[in-house]
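The next block holds one structure in the form of structure tokens; read it before the comments.
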Amino acid sequence: MATILAVEGQTNMNKKIMINIVCVVVVLLLQLIVSPSLPIGGTTLNFCLAYVVAISLALRENPKIILCVLLGIIMDLTHGGPVGAFTLIFLLINATCVSVSANITSSGTLEKSVIAFVACAVANLLHCLIVGVSTPGISLITAFTSGALWSLIFDGVISVLFLLILSKILVDDSRDAWKSSF
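The numbering of the sequence shown is the working numbering, which starts it at 6 and goes up by one.
Right, dumping it as structure tokens:
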């Protein structure tokens, strides 16, 4: 019996890993190809941030530190700004999303959607602060009044969409309420 449960658990984990790899490839293609061609309000969409927030809320049992570092490095290398800023923001937002979602009493989609939207807003504010402080010749007011603040809305909406999609894809149907976990 224990062997069957272990095999089912391993199969479920392999499924989540494969889904995550496919999603990361899609998100990178969206970020590197679609995002630069769709400037909205003086800013581009940050699909990587939206995915980090969504995956942190959808799979809260494991912090996705490697994923945050990988996507953060790609964002740091492909976008102008202070090196390491996106990596730091992705790590902080991942830790925040995992801890906040673990402490809410309900695991409903509405609560997670609100957390995702607020997390993207905080990440964008933090990025404006980092850019304003670390870039010579740019004041904090200039950093906060740039088009980057529009990302508060756009990245939050994309994150909620990713969260809804991941919640449907990553549903664990292998659990049987009648089987004991002991």
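Even for Gly, the Cβ is constructed at its ideal location relative to N, Cα and C.
Segment limits, alpha helix (DSSP H) that includes residue i
i    : result
I84  : Before going further, note that residue 84 is His rather than Ile in the sequence given. Segment: none, H84 is in no alpha helix (DSSP H) and carries neither H nor E.
T114 : 114-139
L166 : 156-174
Minimum C-alpha distance to residue i - residue among the options
i    : options               : result
L115 : L75, A59, L134        : A59
L98  : V74, G85, D81         : According to the sequence as given, residue 98 is Ile; it is not Leu. Out of V74, G85, D81, V74 has the C-alpha closest to the C-alpha of I98.
P141 : P87, L35, L33, T83    : P87
L168 : C28, V127, A128, I109 : C28
G161 : G89, C53, V103, N108  : C53
S61  : K173, S106, G46, G113 : S106
L76  : L35, M23, N108        : L35
L37  : I24, I79, T48         : I79
P41  : V127, H84, I22, K20   : H84
S139 : K173, L82, G89        : G89
C-beta atoms of residue i and residue j nearer than 8 Å
i    : j    : result
A100 : S164 : no
N129 : L166 : no
L50  : F159 : yes
A55  : C125 : yes
I45  : W155 : yes
V57  : L43  : no
L175 : I24  : yes
Residues that residue i bridges to, as DSSP identifies them
i   : result
T48 : I45
Would you call the region 127-145 in contact with the region 84-98, where contact means no fewer than 3 C-beta pairs closer than 8 Å? Counting C-beta pairs closer than 8 Å gives three or more between the region 127-145 and the region 84-98, which meets the contact rule.
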